[in-house]
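In this note's numbering, the protein residues as written are 156 to 679.
Take a look at the structure:
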């Protein structure tokens with residue numbers, strides 16, 4: 156049983172869950188001696204009650220009453236995540252590899268088998284949500300990632316707005332766009348979306364939760380007050396979308412408007428456009444949740460995959476895989492698909508699982524460090540507890556995957572991806588990137604080295620994107636500059652050794668070559 160000390164520290168709406176966790180805890184422990192279990196139970200209870208008290212103290216630092224209520228709800232949700240983390244750790248809740256199987260036929264449906272009527276009847280029930288919590292720091296940019304210019308002077312956000320505007324205009328509907336921001340992107344996004352005010356689109360925004368980072372040594376919250384520095388807090392991953400959508404009031408607002416289906420995707424996936432076939436399939440099959448999957452290639456071996464776990468469709472992420480099975484997880488033979496994070500969900504079902512406290516998505520602990528304030532001090536090690544929206548698949552009725560064409564997964568995570576989407580391989584039509592029909596086979600594999608990590612470096616070294624319609628593979632490392640009008644075909648490898656610069660002259664045609672230090676062209 157959960158100790159009296161912990162129970163009293165649990166907020167009332169989470170009490171049942173705490174008791175259940177406690178009693179379930181003893182039964183599930185077969186391998187350990189009673190004294191070991193008792194010790195873990197006690198240390199878990201102590202850590203939980205210390206955290207609860209610290210969160211109560213944090214809440215007391217919020218002066219405004221309505222802010223305080225919101226803050227307390229957020230801390231209650233965080234506490235329930237923290238308790239699960241402690242219990243999982245105590246139960247060494249590792250996934251049982253022997254129970255994992257590739258998905259059964261009914262758990263993944265082929266996109267080509269969907270009825271191809273493109274029925275527009277269901278658009279009035281649809282809203283589109285973009286995950287907009289990430290910053291552009293990994294690409295050397297300031298502010299939200301969604302405002303990085305992708306093509307023809309337009310950002311990710313501009314393209315999404317264009318797509319939905321076109322949809323609304325073409326079918327005379329009013330599909331709203333919702334942005335889930337984080338405390339990192341909220342202010343900037345509010346200023347940026349003002350420019351869409353005259354457009355044929357409703358834009359709503361809400362913030363995902365702001366959770367306290369956990370000090371690794373003491374398992375206490377890093378912030379000492381609700382106003383503590385920004386580096387003491389973190390947004391807890393996109394699995395937080397369900398509770399944040401509910402707590403923001405937007406979920407009820409959408410239901411009141413007759414909207415029942417939400418199409419969610421990452422803001423940086425340029426392939427995630429509304430698909431009428433999937434929408435119709437969702438309505439007709441009464442699925443509460445659909446995950447778009449696509450075929451794995453050698454480039455995607457780390458992506459989360461859909462599995463069958465004791466008859467239930469589940470998401471398996473590489474972080475959950477025991478070390479000895481990682482290679483098996485990466486195998487394209489056993490697990491053929493990976494999750495694109497394009498997710499369709501029924502909003503009534505979302506409301507039900509949130510209100511019934513049913514959400515128990517696998518927790519991904521993420522180790523980070525907070526930089527020291529003063530010179531000579533060591534950085535502070537912290538843990539962030541995160542969840543992924545895909546892991547919620549197990550909580551919904553008739554949830555399954557749809558294996559979609561690769562064109563629905565076109566993410567821009569690096570400048571290598573940026574080069575691809577800016578190239579002549581694609582044309583822009585109503586905010587949507589269309590691959591050139593004369594292109595044979597999948598998109599080329601592009602690998603740019605660390606000299607191209609930041610967008611500014613990429614733009615100065617490749618001011619004009621080469622023609623790549625017939626390119627299969629490109630690798631560039633070192634200080635390489637491409638002139639205007641360069642054409643790349645087949646496999647091209649350009650390596651500038653340290654201290655050397657390679658300038659590829661304007662108008663060069665490179666086909667199946669390795670270019671090294673002194674610009675010798677070697678057939679290959």
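Glycine included, C-beta positions come from ideal geometry on N, C-alpha and C.
The continuous beta strand (DSSP E) containing residue 582 extends over residues 581-584. Taking C-beta atoms as the reference points, residue 209 and residue 223 fail to come closer than 9 Å. Collapsing the DSSP output to three states places residue 532 in coil.
For the pair residue 448 and residue 218, the Cα-to-Cα distance works out to about 46 Å.
Nearest neighbour of residue 235 by Cα position, chosen from 292, 203, 566 and 262, turns out to be 203.
Sorting 665, 636 and 658 by C-alpha distance to the C-alpha of residue 644 places 665 at the top. Residue 394 is not a Cβ neighbour of residue 461, given a cutoff of 9 Å. If you draw a straight line from the Cα of residue 564 to the Cα of residue 602, it is about 18 Å long. When secondary structure is reduced to three states using DSSP, residue 516 falls in the coil class, being assigned neither helix nor strand. Residue 206 has no beta-bridge partner at all, per DSSP. Annotation note: the stretch 411-488 contains the following uninterrupted beta strand (DSSP E) runs of length 3 or greater, listed N- to C-terminal: 416-421, 444-450, 460-464 and 467-471. When only Cα atoms are considered, residue 320 and residue 239 end up about 42 Å apart. Counting the other Cβ atoms within 10 Å of the Cβ of residue 473 gives fewer than 16, which makes it exposed. Residue burial is scored here from C-beta neighbours: residue 480 has fewer than 16 other C-beta atoms within 10 angstroms and is therefore classed as exposed. Of all C-beta pairs linking the stretch 624-641 to the stretch 353-362, fewer than three are shorter than 8 Å, placing the two stretches out of contact. In the DSSP annotation of this structure, the continuous segment of the beta strand (DSSP E) that includes residue 630 starts and ends at 626-632. C-alpha of residue 245 to C-alpha of residue 538: approximately 17 Å in a straight line. Pairwise C-beta distances place the stretch 288-296 in contact with the stretch 334-343, as three or more of them are shorter than 8 Å. At a Cβ-Cβ threshold of 9 Å, residue 283 and residue 567 do not count as neighbours. Short of 8 Å from the beta carbon of residue 594, and not among the five residues preceding or following it, lie these beta carbons of its own chain, in chain order: 580 and 624. Residue 361 has 335 as its beta-bridge partners, per DSSP.
Residue 308 counts as exposed, since fewer than 16 other C-beta atoms from the protein chains shown sit within 10 angstroms of its C-beta. With contacts defined as CB atoms closer than 9 Å, residue 258 and residue 463 qualify as a contacting pair.
Bounds of the beta strand (DSSP E) holding residue 282 are 281-287.
Here the C-alpha atom of residue 383 lies approximately 29 Å from the C-alpha atom of residue 515. Rounded to the nearest whole angstrom, the C-alpha separation of residue 404 and residue 578 is 41 Å. The beta carbon of residue 524 sits closer than 7 Å to those of 534, 535, 536 and 537, all from its chain and outside the five residues before and after it, given in chain order. With contact defined as three or more Cβ pairs closer than 8 Å, the stretch 428-438 and the stretch 362-372 are not in contact. In the three-state reduction of the DSSP assignment, residue 297 falls in the coil class. Listed in chain order, the beta strand (DSSP E) runs fully inside the stretch 549-603 are 555-558, 581-584, 587-590 and 600-603, counting runs of at least 3 residues. A buried status is given to residue 388, since no fewer than 16 other beta-carbon atoms sit within 10 Å of its beta-carbon.
By the neighbour-count definition (other C-beta atoms within 10 Å, threshold 16), residue 591 is an exposed residue. The criterion of a C-beta distance shorter than 9 Å is satisfied by residue 311 and residue 422.
Take the alpha-carbon of residue 412 and the one of residue 373: they are about 47 Å apart. Taking a C-beta distance under 9 Å as the contact criterion, residue 559 and residue 401 do not qualify as a contact pair. As computed with DSSP, residue 375 is found in no beta bridge at all.
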